[in-house]
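A.B. asks: One structure coming up, written as structure tokens, with questions to follow.
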Amino acid sequence: MSDMNGPKGLTRRQLLSRASAAGASFVVGAGFVAAPNGAWAMETAVLKPQTMATLVQMARDIYPHDQVGDEFYVIAVKGYDTDAAAGGIEEGVAKLNAAAKAAGHDSYLAAGWERDRVDILRGMEDDPFFQQIRGGLVTGLYNQKAVWPIFGYEGASYEFGGYIERGFNDINWL
Amino acid sequence: MTAPFELSDDSVVVIIGTGAGGGVLANELAQKGVSVVALEAGGRHEPQDFINDEWDSFGQLAWLDPRTTSGDWRVAKDFSGLPAWIVKSVGGTTQHWAGASLRFQDHEWKARTSYGDVEGASLLDWPINAAEMDPWYTMAEDKLGVTRTGDRPGLPGNNNYKVFEAGAKALGYKDVHTGRMAINSDENRDRSMCQQTGFCFQGCKWGAKWSAGYVDIPQGEATGNLEVRSQSHVARILHNDTGKVTGVEYFDKDGNLQMQKARIVCVAGNSFESPRLLLNSASSMFPNGLANSSDQVGRNYMRHMTGSVYAVFDKPVKMWRGTTMAGIIQDESRHDPSRGFVGGYELETLALGLPFMAAFLDPGAWGREFTTALDHYENMAGMWIVGEDMPQATNRVTLNSDVKDQHGLPVANVHFSDHANDIAMRNHAYQQGQAVYEAVGATRTFPTPPYPSTHNLGTNRMSERPEDGVVNKWGQTHDIENLFVSDGSQFTTGAAENPTLTIVALAIRQADHIASEMSAGSL
Ligand SMILES: Cc1cc2nc3c(=O)[nH]c(=O)nc-3n(C[C@H](O)[C@H](O)[C@H](O)COP(=O)(O)OP(=O)(O)OC[C@H]3O[C@@H](n4cnc5c(N)ncnc54)[C@H](O)[C@@H]3O)c2cc1C
Ligand code: SF4
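For the record, the sequence lines run as chains A and B. The numbers in this note's numbering rise by one with no breaks, and the one at position 101 of the first sequence is 101. The numbers in this note's numbering rise by one with no breaks, and the one at position 261 of the second sequence is 435.
Below, the structure is given as structure tokens:
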């Protein structure tokens, strides 16, 4: 992902100097979201950076895998950063933040515990916005080939001659 | 060598759909010198075209034209537009299938007699019996090259099987083996040997698994008697005023409506499309649809009692390596009402890749309860449950005129609710499946709900009496003598076994019947 290298060729230091914290996991600046340590950054085209950060956190809270880095969740939701999708997403995230406020947090991202954020999500489980994000993640996250090795899944095998010589029956603990 | 037949040639047999039923029937008739035009909605996909990637393959092969759902089955909620996971391609769903090839048990041919009067079920005995089917089964096993039949050895067990077998033996199950599979298990045959690639559901790139698409269709074409027109979607079956069918209207690959004349028409579009086509062919003479004087077209839809059990262990399994369906436990397939239900079920190993596991393990689920299961994907083993479900008149395919497909035709609505017997059997199977894995140290087990249907049966069922069903013992419609049904929709009841071997055996038998009636001049 080229936009993971920092918007407009900014160095990590320059980038972080233009950003402010969004929850514990993200910093946002004008037109971009980044990791607090600058390890990755993503420019947004239409969505507010704060909205994108919220979406990424929401994605992780829906399908939390602690061994999977944020960059994969970013890839899973960045398709919503388009003219066609953004309006509905801004509205949905506004609803999410309103639900967070009603639960006593400044915003969704400001809720520090996963448990609190999950409670907020449970409260809007039947909402079409929640279902849109959850449904999209099923392929958006788990169908990324780069994610598969993290789970041990080996993907295509034909080009390697199948598993007949590569351990189809190598189990040794039974 | 493909035979080009004229649209106006009214001496041909037209077959609609080229899957397990239609593809085999087309080849068998062509071998007997009968001229056949096979019309197939899907395109041609050869082994080299298949993709070792679950979603990409799904996009390539699956039937994605619109359908709608109703009833209390969970599929209607989680996959409302996708009641079935079946294929639109030359070869039909045999491109996707796993290859498990089992004969019905004798008592299953007479389900009504064997099980008695089950409340709410529309059980019937088949008008054929086990002895009559025996030679056709043998021919089907030889055609498909089924392992553990004839002189064909079994396949070797993969990791997923070894876990399953160890658990089964620990529980005391006896009838446990690597299955009777239409997958080549040795090197000395015309198809290549299984390379344990593990993408059987995505089309076997080695051609080790039998498919009507790359086995029967080319054989039929080589005779010069078979013409396959792919990307040709049949819209309507036509008839004359004596009530005999005369041909079909279809949309060709460019979307133009064509008319092919026919001496005989055989419908083999799988259990949603076949009744849909008969219903969409309604006319002033047949206002309820063709061959529907019994009002049975579309009714008694069966999908097998299914479900899966996945389990996580403290060590790796890597279930995706090797044949997708790598073995079977048959001990529960008997009819033994002391378990609290009639009929029986089979347990068969099954593996999904990570992308499909995420979609199907517990559709709609989220949060850590779900994701911690996937975290241990590498340590998972899995099995599929397939058992006899009860036919019910209210489980049915009807036309939904509010929704039209790309050709403007009303789509099929699929209504399904489980029978109490189905639920009792599924609960028993979940318990046994979980026990199998717990017996070898599973740390967590998952009784997984049924996927969109892969086995679709019964919507044009076979019956002795015309008022009970749509076709007779030859698959010939009770109402129209030159109209046949040739796919899984003929099934009177579903039995516990995966259906394709029986569909193929019935197609071979039907070809024999049609060819001899044609030469006797009675058709
Ligand atoms: C993932 C998976 C695994 C399976 N594993 C097994 C297994 O291990 N063992 C087993 O026994 N069975 C298995 N099955 C089931 C098996 O594939 C089906 O039972 C069998 O293929 C059904 O045969 P059929 O002739 O009824 O229909 P199909 O094989 O589905 O063929 C129907 C064909 O008709 C075409 N068609 C439909 N409507 C029209 C129209 N209007 N005009 C023209 N063409 C049309 C379709 O495009 C399709 O090609 C599996 C299925 C799936 C999806
Ligand atoms: S496991 Fe065997 S049958 Fe299945 S796709 Fe691979 S080679 Fe073909």
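Idealized CB from N, CA, C, for every residue including glycine. As the structure is a computational prediction, the values presented were derived from the model and not from experiment.
Taking Cβ to Cβ, would you say Lys343/B is nearer than 8 Å to Leu174/A?
C.D. replies: no
A.B. asks: Are there 16 or more other CB atoms within 10 angstroms of the CB of Asp661/B, so buried, or fewer, so exposed?
C.D. replies: buried
A.B. asks: Which whole-angstrom value is the C-beta distance of Thr676/B and Trp300/B, which I expect to be below 8 Å?
C.D. replies: Between Trp300/B and Thr676/B the Cβ distance is about 10 Å, and since that is not below 8 Å, they are no contact.
A.B. asks: Are the C-beta atoms of Tyr73/A and some chain B residue less than 8 Å apart?
C.D. replies: no
A.B. asks: Measuring alpha carbon to alpha carbon, tell me which of Thr633/B, Asp360/B, Glu543/B, Pro330/B ends up nearest His589/B.
C.D. replies: Thr633/B
A.B. asks: Under 8 Å, Cβ to Cβ, is there at least one residue of chain A near Leu528/B?
C.D. replies: Cβ-Cβ to chain A under 8 Å: yes for Leu528/B.
A.B. asks: Among the residues of its own chain, which have a CB less than 6 Å from the CB of Leu256/B, if the five just before and after it don't count?
C.D. replies: Pro626
A.B. asks: Cutting at 8 Å between CB atoms, please list the residues of its own chain near Ala679/B, excluding the five before and the five after it.
C.D. replies: Met307, Trp310, Tyr311, Met313, Ala314
A.B. asks: According to DSSP, simplified to helix, strand and coil, what is Gln369/B?
C.D. replies: Three-state result, Gln369/B: coil.
A.B. asks: Mark Asn587/B as exposed unless 16 or more other C-beta atoms lie within 10 angstroms of its C-beta, in which case mark it buried.
C.D. replies: So Asn587/B counts as buried.
A.B. asks: Regarding Ile502/B and ligand 2, is the C-beta to nearest heavy atom distance less than 7 Å?
C.D. replies: no
A.B. asks: Report the neighbours of Arg618/B on chain A: residues whose CB is nearer than 9 Å to its CB, in chain order.
C.D. replies: Chain A residues near Arg618/B: none, gap ~16 Å exceeds 9 Å.
A.B. asks: How big is the Cα-Cα spacing for Leu521/B and Leu535/B?
C.D. replies: 17 Å
A.B. asks: Please return the same chain residues whose Cβ sits closer than 8 Å to the Cβ of Arg18/A, not counting the five positions on each side in sequence.
C.D. replies: Leu10, Gly29, Ala30
A.B. asks: Taking 8 Å as the threshold (beta carbon to beta carbon), is Val138/A in contact with chain B?
C.D. replies: Contacts with chain B at 8 Å (Cβ-Cβ) include Val138/A.
A.B. asks: Which chain A residues are close to Asp227/B, counting only those with a beta carbon under 8 Å from its beta carbon?
C.D. replies: Listed by position along chain A, the residues whose Cβ is nearer than 8 Å to that of Asp227/B are Gly155, Ala156.
A.B. asks: So with Cβ pairs under 8 Å, would you call Arg495/B a contact of chain E?
C.D. replies: No chain E is part of this structure, whose protein chains are labelled A and B.
A.B. asks: Does any residue of chain B have a CB that is nearer than 8 Å to the CB of Gly112/A?
C.D. replies: no
A.B. asks: Just to confirm before moving on: does the CB-CB distance between Gly162/A and Gln369/B stay below 8 Å?
C.D. replies: Going by C-beta atoms, Gly162/A is nearer than 8 Å to Gln369/B.
A.B. asks: Closest to Arg286/B by C-alpha separation, out of Gly517/B, Thr651/B, Trp648/B, would be which residue?
C.D. replies: Gly517/B
A.B. asks: Kindly indicate if chain B contains any beta-carbon less than 8 Å away from that of Val118/A.
C.D. replies: Val118/A counts as touching chain B.
A.B. asks: Of all the residues that make up the segment 543-574 of chain B, which are near chain A by a beta-carbon distance shorter than 8 Å?
C.D. replies: Phe544, Thr545, Leu548, Asp549, Tyr551, Glu552
A.B. asks: Would you call the CB atoms of Leu524/B and Trp494/B closer than 8 Å?
C.D. replies: no
A.B. asks: Is any heavy atom in ligand 1 found nearer than 7 Å to the beta carbon of Met531/B?
C.D. replies: no
A.B. asks: Note down the Cα distance separating Asp3/A from Gly377/B, rounded to an integer number of angstroms.
C.D. replies: Legend: pLDDT at Asp3/A = 46, less than 50; position of this residue unreliable, no value from coordinates given.
A.B. asks: Secondary structure at Arg200/A, three-state DSSP: helix, strand or coil?
C.D. replies: Limits of chain A in this structure are 1 at one end and 174 at the other, which puts residue 200/A out of reach.
A.B. asks: Looking only at C-alpha atoms, which of Ser275/B, Ala274/B, Pro240/B sits nearest to Trp259/B?
C.D. replies: Pro240/B
A.B. asks: Within 8 Å (strictly less), CB to CB, does Gly167/A reach chain B?
C.D. replies: At least one chain B Cβ lies under 8 Å of Gly167/A.
A.B. asks: Since Thr497/B and Asn332/B are thought to touch, with beta carbons under 8 Å apart, how far apart are those beta carbons, to the nearest angstrom?
C.D. replies: 6 Å
A.B. asks: Please tell me whether, using a cut-off of 7 Å, the distance from the CB of Ile357/B to the nearest non-hydrogen atom of ligand 2 is below it.
C.D. replies: yes
A.B. asks: From Ser275/B, Leu400/B, His407/B, Gln434/B, pick the residue whose C-alpha is nearest to that of His413/B; which is it?
C.D. replies: When each option's Cα is compared against that of His413/B, the closest is Gln434/B.
A.B. asks: Below 8 Å between beta carbons: does that hold for Trp271/B and Thr674/B?
C.D. replies: yes
A.B. asks: Just to check, is the beta-carbon of Pro673/B closer than 7 Å to a non-hydrogen atom of ligand 1?
C.D. replies: yes
A.B. asks: At a CB-CB cut-off below 8 Å, which residues of chain A make contact with Asn362/B?
C.D. replies: By Cβ distance, chain A contributes nothing, its closest Cβ being about 17 Å from Asn362/B, past 8 Å.
A.B. asks: Pick out every residue whose C-beta is nearer than 7 Å to a heavy atom of ligand 2: which are they, in chain order?
C.D. replies: Qualifying residues, in the order they occur: Gly162/A, Gly273/B, Ile357/B, Cys368/B, Gln369/B, Gln370/B, Thr371/B, Gly372/B, Phe373/B, Cys374/B, Cys378/B, Lys379/B, Trp380/B, Ala382/B, Lys383/B, Gly496/B, Thr497/B, Thr498/B.
A.B. asks: Mind checking who Thr243/B pairs with in its DSSP beta bridge?
C.D. replies: Val588/B.
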